[in-house]
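Inspection log for the structure reproduced underneath, given as structure tokens.
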Amino acid sequence: MSADNASATVLVVDDEPQIVRALRINLSARGYKVITAHDGTAALKAVAETKPDVVVLDLGLPDLDGTEVIAGLRGWTTVPIIVLSARGDSADKVQALDAGADDYVTKPFGMDELLARLRAAVRRSATSSVDGADAVVDTGSFRIDLAAKKVRRDGKEVHLTKTEWGVLELLVRNRGRLVAQKQLLHEVWGPTYETESHYLRVYLAQLRRKLEPEPSRPRHLLTEPGMGYRFEM
Numbered sequence: 001m002s003a004d005n006a007s008a009t010v011l012v013v014d015d016e017p018q019i020v021r022a023l024r025i026n027l028s029a030r031g032y033k034v035i036t037a038h039d040g041t042a043a044l045k046a047v048a049e050t051k052p053d054v055v056v057l058d059l060g061l062p063d064l065d066g067t068e069v070i071a072g073l074r075g076w077t078t079v080p081i082i083v084l085s086a087r088g089d090s091a092d093k094v095q096a097l098d099a100g101a102d103d104y105v106t107k108p109f110g111m112d113e114l115l116a117r118l119r120a121a122v123r124r125s126a127t128s129s130v131d132g133a134d135a136v137v138d139t140g141s142f143r144i145d146l147a148a149k150k151v152r153r154d155g156k157e158v159h160l161t162k163t164e165w166g167v168l169e170l171l172v173r174n175r176g177r178l179v180a181q182k183q184l185l186h187e188v189w190g191p192t193y194e195t196e197s198h199y200l201r202v203y204l205a206q207l208r209r210k211l212e213p214e215p216s217r218p219r220h221l222l223t224e225p226g227m228g229y230r231f232e233m
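Residue numbering for the sequence shown follows the numbering used here, beginning at 1 and increasing consecutively.
Set out below in structure tokens:
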């Protein structure tokens, strides 16, 4: 195993079992840790939960188009994304790259070429990863450790549910920027919940009760009426 891929985790997103099996065998043999997802929803969840170093993504997924997955990920993470697709038209490549993909490999592909691109992506991931200072956000009222997935207030750890953390993490990673209701619902709950805005009202109220000094007058977890939410320091 080379230094480039030591302990690197690769998420393979493809609904073709033969492709997934071939990539798992080849990548595992070269020292990568391989995790898999067979549709877009599972891919978004897997990235949030496992924080892979690189994503290898097919565009033709059964539930979401790959470009939607790319756009969803780019709302909160800079993880390198290598598209692996049978779509060879330049328009498809441009669309994927514009959505935020880092590289594009057309099927059928040569394993050596893919491995070379993967090694380059792992190096980019290592040099652009968030350092310890950026991973910790201190508002003065509470302290969020994005790497450890923990929140402390008044020196004590605050228990958040998995969903509460998902909402908070997405807002914090986009701090200072408006995060649309639809994006929050899509990335935390999934694409079938994009119109369920009442979920957000409930969970933001819960987060404010747990974190804000004055929940009825929030300073950090702000509502932009009719549009979405914003995290401010």
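For each residue, glycine too, the CB sits at the ideal point set by N, CA and C.
Here the structure is a predicted model, which means the values were calculated and not measured.
Enclosing beta strand (DSSP E) for residue i [first to last residue]
i      : result
Tyr234 : Because the chain in this structure spans residues 1 to 233, residue 234 falls outside the shown range and cannot be described.
Tyr104 : 103-106
Arg143 : 143-145
Glu164 : Per DSSP, Glu164 belongs to no beta strand (DSSP E); it is in the alpha helix (DSSP H), 162-173.
Glu157 : 156-158
As assigned by DSSP and simplified to three states, the class of residue i
i      : result
Val79  : coil
Lys150 : strand
Thr223 : strand
Glu187 : helix
Whole-angstrom distance between residue j and residue i, CA atom to CA atom
i      : j      : result
Arg175 : Glu232 : 6 Å
Val137 : Gly88  : 42 Å
Arg209 : Ala46  : 29 Å
Tyr104 : Asp112 : 15 Å
Ser216 : Leu200 : 16 Å
His186 : Lys162 : 15 Å
Ala22  : Ala180 : 38 Å
Thr240 : Gly110 : Past the edges of the chain, shown from 1 to 233, lies residue 240, and the structure says nothing about it.
Ala133 : Asp154 : With a pLDDT of 38 at Ala133, under the threshold of 50, the modelled position of that residue is not reliable, and no figure is offered here.
Phe29  : Ala43  : Correcting the residue identity first, residue 29 is Ala in this sequence and not Phe. Their backbone Cα atoms lie some 23 Å apart in a straight line.
Arg143 : Arg152 : 5 Å
Arg177 : Leu171 : 8 Å
Gly100 : Lys150 : 28 Å
Pro225 : Ile70  : 27 Å
Ser90  : Leu97  : 10 Å
Arg157 : Trp165 : The sequence as given places Glu at residue 157; Arg does not occur at that position. Computed Cα separation, rounded: 13 Å.
Leu115 : Val167 : 35 Å
Pro213 : Gly140 : 10 Å
Ala120 : His198 : 43 Å
Thr234 : Lys182 : For residue 234 there is no data in the structure shown, the boundaries of the chain being 1 and 233.
Arg230 : Ile25  : 43 Å
Arg123 : Ala48  : 21 Å
Continuous alpha helix (DSSP H) stretch holding residue i: start and end
i      : result
Thr9   : Unbroken run through Thr9 is the beta strand (DSSP E), 9-13; no alpha helix (DSSP H).
Arg21  : 17-29
His198 : 197-211
CB contact check: residue i to chain B, cutoff 7 Å
i     : result
Ala42 : The structure shown contains no chain B, having only a single protein chain.
Closer than 6 Å: residue i CB and nearest the ligand ATP heavy atom
i     : result
Val69 : In the structure on display, the ligand ATP does not appear, and there are no ligands present to speak of.
Does the region 28-35 come close enough to the region 70-82 to have 3 or more Cβ pairs within less than 8 Å?
-> no
Are the region 79-86 and the region 54-63 touching, with three or more C-beta to C-beta distances below 8 Å?
-> yes
Mind pulling the beta strand (DSSP E) runs of 3 or more residues that sit fully within the region 36-123?
-> 54-57, 81-85, 103-106
Three or more C-beta pairs closer than 8 Å, one from the region 11-21 and one from the region 58-66: is that the case here?
-> yes
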